[in-house]
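Below you'll find the structure, written out as structure tokens, and then a few comments.
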Amino acid sequence: VHSLPLSNLDLLSGRFPVTYFYFYPKQPHLLITFDSIVQSLKTSLAETLNLFHLFAGQIVPNETSHEEPMIVCNNNGALLVEARASLDLQSLDFYNLDALLQAKLVRVNQDFPLQIQATEFECGGL
């Protein structure tokens with residue numbers, strides 16, 4: 032286990048989440064379940080995190096400076112949250128996602144550099 036301080040660029044820009052939304056409608060001709068998609072995501076994430084080990088660490092207070100945070104490369108992994116929504120993709124206002132989705136997302140955990148939420152919608156979309 033080793034630790035790395037955050038770069039000057041990281042410290043200047045501050046810590047704020049960068050959020051991306053990807054929506055996929057259900058593909059009726061494919062016999063794929065939400066659980067199998069999540070399992071595939073877990074498998075590919077594990078392989079990817081081996082190459083980008085900083086994203087598999089944790090952000091903690093710096094033990095020497097006690098001010099600037101650092102990343103402990105402890106291979107704890109990313110935070111992956113599975114969720115189910117009681118609405119379908121057609122009801123989403125894609126031009127105003129902030130108002131609709133922010134209250135439905137799992138709160139950001141500042142300890143993890145990488146967090147993913149996979150949500151199954153009532154219509155079977157993702």
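Our numbering puts the first residue of the sequence shown at 32, with every later residue one more than the last. Heads up, the beta-carbon is just placed ideally off N, CA and C, and yes, glycines get one too. Keep in mind it's a predicted model, so treat the numbers as computed, not measured.
Asked, Found
"Determine the extent of the beta strand (DSSP E) in which Ile63 is found, giving its start and end residues.", "First-last for Ile63: undefined, no H or E at that position."
"Below 8 Å CB to CB, which residues in the same chain sit around Gly156 once its five sequence neighbours on both sides are set aside?", "Phe54, Tyr55, Pro56, Lys57, Asp119 and Leu120"
"Starting from the Cα of Asn140, find the closest Cα among Gln89, Ser96, Pro100 and Phe125 and give me that residue.", "Gln89"
"Work out the CA separation of Asn39 and Asp66 for me, nearest whole Å.", "40 Å"
"Counting only the same chain and skipping the five closest in sequence on each side, list residues whose C-beta sits under 8 Å from that of Leu85.", "Leu35, Ile102, Cys104 and Pro144"
"Can you tell me whether Gln70 is buried or exposed, with buried defined as 16 or more other CB within 10 angstroms of its CB?", "exposed"
"Please classify Phe125 as buried or exposed, where buried requires at least 16 neighbouring CB atoms within 10 angstroms.", "exposed"
"Could you tell me whether the Cβ atoms of Pro92 and Leu37 are closer together than 7 Å?", "no"
"If I measure Cβ to Cβ from Val137 and keep anything under 6 Å in the same chain, skipping five residues before and after, which residues do I get?", "Val112 and Gln148"
"Which one or two residues does DSSP pair with Ile68 in a beta bridge?", "Paired residue(s): none; Ile68 is not in a bridge."
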